[in-house]
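Report on one structure; see the data block that follows.
There are 2 protein chains.
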Amino acid sequence: MSERIANEFYKSKVMSADEAAQFVNNGDKVGMSGFTGAGYPKAMPTAIANKAKAAHERGDEFAIDVFTGASTAPDCDGVLAEADAIRYRAPYQSDPVMRKKINGAEMKYQDIHLSHMGLQVEQGFFGDFQVAIIEAVRINEEGNIIPSSAVGNNVEYLNAADKIIIEVNEWQSLDLEGMHDIYSVPKLPNRTPIPINRPGDRIGTPFIPVDQNKVVAVVKTDAPDRNAPFKPIDDTSKKIAGHFLDLLEGEVKAGRLKYDQYIMQSGVGNVPNAVMAGLLDSKFENIQAYTEVIQDGMLDLIDAGKMTVASATSFALSPDYAEKMNAEAKRYRDHIILRPQQISNHPEVVRRTGLIASNGMIEADIYGNVNSTNVSGSRIMNGIGGSGDFTRNAYLSSFISPSIAKDGAISAIVPFASHIDHTEHDAMVIITEHGYADLRGLAPRDRVKKMIAIAHPDYRPLLEEYYERATAEGHYMQTPHDLKTAFDFHINLAEKGSMKGDA
Amino acid sequence: MSERIANEFYKSKVMSADEAAQFVNNGDKVGMSGFTGAGYPKAMPTAIANKAKAAHERGDEFAIDVFTGASTAPDCDGVLAEADAIRYRAPYQSDPVMRKKINGAEMKYQDIHLSHMGLQVEQGFFGDFQVAIIEAVRINEEGNIIPSSAVGNNVEYLNAADKIIIEVNEWQSLDLEGMHDIYSVPKLPNRTPIPINRPGDRIGTPFIPVDQNKVVAVVKTDAPDRNAPFKPIDDTSKKIAGHFLDLLEGEVKAGRLKYDQYIMQSGVGNVPNAVMAGLLDSKFENIQAYTEVIQDGMLDLIDAGKMTVASATSFALSPDYAEKMNAEAKRYRDHIILRPQQISNHPEVVRRTGLIASNGMIEADIYGNVNSTNVSGSRIMNGIGGSGDFTRNAYLSSFISPSIAKDGAISAIVPFASHIDHTEHDAMVIITEHGYADLRGLAPRDRVKKMIAIAHPDYRPLLEEYYERATAEGHYMQTPHDLKTAFDFHINLAEKGSMKGDA
Numbered sequence: 001m002s003e004r005i006a007n008e009f010y011k012s013k014v015m016s017a018d019e020a021a022q023f024v025n026n027g028d029k030v031g032m033s034g035f036t037g038a039g040y041p042k043a044m045p046t047a048i049a050n051k052a053k054a055a056h057e058r059g060d061e062f063a064i065d066v067f068t069g070a071s072t073a074p075d076c077d078g079v080l081a082e083a084d085a086i087r088y089r090a091p092y093q094s095d096p097v098m099r100k101k102i103n104g105a106e107m108k109y110q111d112i113h114l115s116h117m118g119l120q121v122e123q124g125f126f127g128d129f130q131v132a133i134i135e136a137v138r139i140n141e142e143g144n145i146i147p148s149s150a151v152g153n154n155v156e157y158l159n160a161a162d163k164i165i166i167e168v169n170e171w172q173s174l175d176l177e178g179m180h181d182i183y184s185v186p187k188l189p190n191r192t193p194i195p196i197n198r199p200g201d202r203i204g205t206p207f208i209p210v211d212q213n214k215v216v217a218v219v220k221t222d223a224p225d226r227n228a229p230f231k232p233i234d235d236t237s238k239k240i241a242g243h244f245l246d247l248l249e250g251e252v253k254a255g256r257l258k259y260d261q262y263i264m265q266s267g268v269g270n271v272p273n274a275v276m277a278g279l280l281d282s283k284f285e286n287i288q289a290y291t292e293v294i295q296d297g298m299l300d301l302i303d304a305g306k307m308t309v310a311s312a313t314s315f316a317l318s319p320d321y322a323e324k325m326n327a328e329a330k331r332y333r334d335h336i337i338l339r340p341q342q343i344s345n346h347p348e349v350v351r352r353t354g355l356i357a358s359n360g361m362i363e364a365d366i367y368g369n370v371n372s373t374n375v376s377g378s379r380i381m382n383g384i385g386g387s388g389d390f391t392r393n394a395y396l397s398s399f400i401s402p403s404i405a406k407d408g409a410i411s412a413i414v415p416f417a418s419h420i421d422h423t424e425h426d427a428m429v430i431i432t433e434h435g436y437a438d439l440r441g442l443a444p445r446d447r448v449k450k451m452i453a454i455a456h457p458d459y460r461p462l463l464e465e466y467y468e469r470a471t472a473e474g475h476y477m478q479t480p481h482d483l484k485t486a487f488d489f490h491i492n493l494a495e496k497g498s499m500k501g502d503a
Numbered sequence: 001m002s003e004r005i006a007n008e009f010y011k012s013k014v015m016s017a018d019e020a021a022q023f024v025n026n027g028d029k030v031g032m033s034g035f036t037g038a039g040y041p042k043a044m045p046t047a048i049a050n051k052a053k054a055a056h057e058r059g060d061e062f063a064i065d066v067f068t069g070a071s072t073a074p075d076c077d078g079v080l081a082e083a084d085a086i087r088y089r090a091p092y093q094s095d096p097v098m099r100k101k102i103n104g105a106e107m108k109y110q111d112i113h114l115s116h117m118g119l120q121v122e123q124g125f126f127g128d129f130q131v132a133i134i135e136a137v138r139i140n141e142e143g144n145i146i147p148s149s150a151v152g153n154n155v156e157y158l159n160a161a162d163k164i165i166i167e168v169n170e171w172q173s174l175d176l177e178g179m180h181d182i183y184s185v186p187k188l189p190n191r192t193p194i195p196i197n198r199p200g201d202r203i204g205t206p207f208i209p210v211d212q213n214k215v216v217a218v219v220k221t222d223a224p225d226r227n228a229p230f231k232p233i234d235d236t237s238k239k240i241a242g243h244f245l246d247l248l249e250g251e252v253k254a255g256r257l258k259y260d261q262y263i264m265q266s267g268v269g270n271v272p273n274a275v276m277a278g279l280l281d282s283k284f285e286n287i288q289a290y291t292e293v294i295q296d297g298m299l300d301l302i303d304a305g306k307m308t309v310a311s312a313t314s315f316a317l318s319p320d321y322a323e324k325m326n327a328e329a330k331r332y333r334d335h336i337i338l339r340p341q342q343i344s345n346h347p348e349v350v351r352r353t354g355l356i357a358s359n360g361m362i363e364a365d366i367y368g369n370v371n372s373t374n375v376s377g378s379r380i381m382n383g384i385g386g387s388g389d390f391t392r393n394a395y396l397s398s399f400i401s402p403s404i405a406k407d408g409a410i411s412a413i414v415p416f417a418s419h420i421d422h423t424e425h426d427a428m429v430i431i432t433e434h435g436y437a438d439l440r441g442l443a444p445r446d447r448v449k450k451m452i453a454i455a456h457p458d459y460r461p462l463l464e465e466y467y468e469r470a471t472a473e474g475h476y477m478q479t480p481h482d483l484k485t486a487f488d489f490h491i492n493l494a495e496k497g498s499m500k501g502d503a
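Residue numbers (UniProt numbering), protein chains in the order written: chain A, 1 to 503; chain B, 1 to 503.
The following block contains the structure:
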């Protein structure tokens with residue numbers, strides 16, 4: 001049986017999280033492991049939060065800059081935000097407490113493409129990091145790290161940091177060893193091609209090399225990943241998933257896709273789960289995933305022999321499925337590869353695979369510009385995540401959303417997107433429960449009818465009225481707009497509680 | 001001496017453009033050579049326009065869909081637009097007559113990333129093409145094409161088309177043979193890495209293979225490329241160029257760039273010419289370009305021994321420099337490589353090179369969202385071109401513009417960009433004659449001061465007033481906006497003739 005800390009030097013560095021918090025100081029840049037609620041440090045965030053609270057009680061300043069893979073969990077982002085311990089956060093978050101602090105101007109947040117974060121750190125745009133805090137399954141004999149349920153930007157942060165703190169989490173299965181594939185592109189000016197041709201190609205090592213001289217603490221933990229519970233699939237999700245599967249079937253019919261050639265990329269959520277349930281009963285075989293996160297539905301597809309391989313950077317599993325993974329990681333590691341997010345989301349490899357992308361959105365406008373991040377232009381939800389990395393470089397890109405939210409007060413199809421994360425040049429297909437709008441090969445005005453057709457029926461007349469105003473005599477006609485009323489939907493929502501403008 | 005048409009079969013297909021126009025019919029999808037006024041067919045467009053006019057006079061319909069590399073010239077896009085011979089145009093244009101027809105709803109235009117156009121044709125999104133019309137320097141003994149001053153999407157269109165018409169242009173220097181490097185990524189599901197590590201790497205053939213059975217006509221021409229005349233560098237351009245060079249020097253000072261490691265990407269225009277003039281007297285050496293077009297300034301840098309190699313897909317030279325190129329192509333081809341635009345603009349290679357991107361813009365908002373295409377949200381100027389390909393994947397990306405246009409009636413810095421082609425996640429640095437706003441590592445609110453500082457002084461108070469409204473009590477603070485007045489600049493311009501709102 002493997003020892004969790006197999007290296008003598010590291011054994012000498014074992015201490016409590018509270019003791020290790022001495023190495024984290026006000027103003028530090030701290031790179032952490034963690035991606036979508038998996039693989040984040042479980043003990044250090046609370047210890048740092050406590051240190052911050054004590055400092056604030058003394059009247060001292062204490063706030064750090066926190067960089068991760070992507071979102072983490074209440075016991076990481078949540079406790080740090082609650083303690084006002086963060087000054088600047090990147091590249092993604094989804095914590096309710098943190099979101100409130102950001103939207104209330106109590107902390108700052110930069111929303112960065114997930115494939116860019118580690119790259120920009122390597123390029124020196126953020127200067128030195130003072131600390132890296134990385135969760136591991138195990139430290140091997142040579143002192144290298146076996147990462148846990150997420151790889152994220154671990155490699156880049158370990159390289160950038162002056163001091164390294166490792167959390168060894170006994171909750172994580174030792175059988176995850178062998179699932180990871182750690183590879184770094186050589187630094188400028190010596191970058192070379194990433195030799196991945198298929199999602200299943202392994203090109204690196206199963207561990208992350210660590211500069212032992214920088215390790216200041218090893219903290220033992222035994223705590224589960226966030227593991228959001230699985231929501232039952234509702235009717236709207238089932239319908240959206242059905243339209244997505246129709247889109248796939250359409251590609252097959254058009255001779256552009258074969259039943260054994262579907263490469264999946266998928267955001268997390270209810271609709272993707274419905275899609276994967278649908279795929280179980282479909283004609284698609286040998287499905288491969290080149291994506292960010294491993295979801296429940298992918299394990300089902302693997303178990304059913306429908307999916308041969310899934311490449312990602314982390315897990316986003318429900319409690320039951322996390323348990324199954326911990327019990328059967330040895331079997332799953334024949335089918336699953338966890339990579340650094342620079343590689344899982346790399347434009348080079350994404351484009352090469354020819355994947356079909358599907359990501360959630362907040363709203364899209366009548367020309368196919370997509371808002372993934374800021375409600376009514378200002379209020380951050382989560383962030384762009386990897387949606388840009390995949391959308392821009394996919395063989396075929398799609399965005400999915402129910403046509404309405406908040407009992408119909410909000411329409412997902414609007415005259416002018418109040419924030420734009422994916423432009424009309426990138427989004428190919430938009431899907432709601434009312435169908436899919438295939439915008440490929442269409443000039444802007446030809447997209448409008450298709451977009452209005454997938455809006456909720458209550459909003460179609462309002463969108464048609466807008467388009468009439470936009471195309472009135474004397475207007476320019478490449479992308480017709482009426483800028484005076486372009487944001488009326490959003491202004492109505494703020495003032496009257498509904499985009500419809502109901503009192 | 002090489003023969004222009006060295007293959008017997010092709011000799012038998014020589015005919016006039018008017019005769020060859022028989023192969024182009026109403027409703028056809030036609031792929032043409034041509035990129036930035038170089039390498040476009042010189043005779044066929046007029047012949048097709050005449051055929052269209054004759055049909056229209058008879059009361060018959062005649063309009064085709066035209067796909068090119070990028071923009072062409074009055075004797076291509078101009079004559080076709082004038083004759084109402086185009087129904088749909090992609091992926092880029094810059095012709096005044098065509099622009100008017102598009103904005104007047106007399107033809108349709110889809111503005112597509114230049115690296116996506118050929119790819120989407122290969123992927124079958126546009127179905128079969130009926131005709132490809134490609135300009136060549138020469139047809140060799142085996143019947144393969146030596147392209148002329150642009151490669152563009154020639155390969156993809158030749159493959160997609162049922163019928164091929166070749167224009168052999170005697171004006172183009174025979175010494176261009178050997179300058180081209182033709183390479184195609186294998187088709188899905190067999191795509192492989194593009195083996196270019198440095199801008200100067202050659203990986204393909206100097207000719208384009210052609211399926212002889214599809215060739216229906218060869219047309220001889222002797223006509224110059226468009227070759228827009230060189231504008232003298234004005235003061236504003238010099239200042240903007242100076243700030244760009246300061247940005248480069250800043251990278252050197254920060255230890256992120258060495259004087260012999262600058263990889264240039266540059267849009268076309270007055271400011272880039274000023275930048276290149278500035279580089280002649282700078283400490284930068286061994287400059288390499290991985291870009292779309294070869295401009296006058298690059299030839300100067302090559303002649304001065306400052307630039308070792310420039311990779312692009314076409315020329316955009318002034319008449320004097322085009323003459324020099326025609327006379328000395330043999331010498332220049334040691335330093336210049338012309339590639340298919342899928343390769344010159346490929347995200348994979350762009351990211352690998354670590355280039356520094358610099359592209360023009362129409363406007364940017366206070367958070368760094370950039371409009372490259374639609375004036376006041378609706379009126380197309382040219383198109384996104386390759387700016388997205390380079391910006392998203394550059395080591396460092398920048399956008400340049402004078403701070404005002406039309407004698408101050410238009411500000412390049414606005415509260416909310418009226419069309420967004422590059423999002424806040426992509427644009428790193430914005431430059432006007434008032435300085436550069438380095439937005440790297442900054443959350444949205446921290447970008448505002450920097451953006452207002454590079455606006456024209458007349459507009460700074462107006463932008464500050466907007467930001468005050470945007471950050472008023474009760475607003476969400478990630479990306480503060482006041483949607484009711486977000487487009488006031490643009491509405492003022494339309495109604496009062498100035499974004500300032502002057503009467």
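Note that CB positions come from ideal geometry on N, CA and C, so glycine has one too.
First through last residue of the alpha helix (DSSP H) which encompasses D296(B): D296 to D303
Where the alpha helix (DSSP H) containing E251(B) begins and where it ends: D235 to K253
Using the C-alpha atoms, what's the distance from A20(B) back to Q212(B)? 16 Å
Between A310(B), Q22(B), T205(B) and R226(B), which lies nearest to D334(B) when the distance is taken from Cα to Cα? A310(B)
Should S16(B) be labelled buried (16 or more other beta-carbon atoms within 10 Å of its own) or exposed? exposed
Anything in chain B within Cβ reach of P340(A), meaning under 7 Å, just list it in chain order. Simply none; closest approach about 15 Å.
Which listed residue (M499(B), E177(B), G305(B) and H419(B)) has its alpha carbon closest to that of I410(B): M499(B)
Any beta-carbon of chain B closer than 9 Å to the one on R379(A)? yes
On the DSSP letters alone, give me the boundaries of the beta strand (DSSP E) that A55(B) sits inside. Here A55(B) belongs to no beta strand (DSSP E); instead the alpha helix (DSSP H) covers M44 to E57.
Kindly list the residues whose CB is nearer than 7 Å to the CB of K214(B), restricted to its own chain and excluding five residues on each side of it in sequence; keep chain order. A161, D162, K163 and I164
In chain A, what lies closer than 8 Å to G69(B) by C-beta? The premise fails here: G69(B) is roughly 17 Å from chain A at the closest Cβ pair, so nothing lies under 8 Å.
Nearest-angstrom Cα distance between A453(B) and R469(B)? 18 Å
Where does K324(B) sit, in a helix, a strand or coil, going by DSSP? helix
Give a yes or no on whether the C-beta atoms belonging to K51(B) and E122(B) are separated by under 9 Å. no
Quick test of your reading: N273(B) and D246(B), contact by CB under 8 Å. State the CB separation rounded to the nearest angstrom. No, N273(B) and D246(B) are not in contact; Cβ-Cβ is about 18 Å, not under 8 Å.
Between G255(B) and chain A, is any beta-carbon pair separated by less than 9 Å? yes
How many angstroms separate the CA atom of T369(B) from the CA atom of H422(B)? The displayed chain sequence assigns Asn, not Thr, to residue 369(B). Distance between the alpha carbons of N369(B) and H422(B): 6 Å.
Quick one: what does DSSP say D111(B) is sitting in, helix, strand or coil? coil
From the DSSP output, read off the bridge partner residues of P147(B). A136(B)
Going by other Cβ atoms of all chains shown within 10 Å of its Cβ, with 16 needed for buried, is Q130(B) buried or exposed? buried
Would you verify that the beta carbon of R191(A) is, or is not, closer than 9 Å to some beta carbon of chain B? yes
Within chain A, partners of Q261(B) - CB distance below 7 Å: P189
Which residues mark the beginning and the end of the beta strand (DSSP E) in which I102(B) is found? Here I102(B) belongs to no beta strand (DSSP E); instead the alpha helix (DSSP H) covers P96 to N103.
Cβ neighbours of Y262(A) in the same chain (closer than 6 Å, five flanking residues each side left out): F284 and I287
Of all the options P402(A), V429(A) and A43(A), which has the alpha carbon lying nearest to the alpha carbon of V271(A)? P402(A)
Look at the alpha carbon of I240(B) and the alpha carbon of S266(B), and state the distance between them as a whole number of angstroms. 14 Å
Pair every Cβ in the region 381-396 of chain A with every Cβ in the region 215-223 of chain B, then say whether three or more of these pairs are closer than 8 Å. no
Beta-carbon of M477(B) versus every beta-carbon of chain E: anything under 9 Å? Although the question refers to chain E, the structure presented lacks it and instead comprises the protein chains A and B.
For S378(B) versus M477(A), is the C-beta distance shorter than 9 Å? yes
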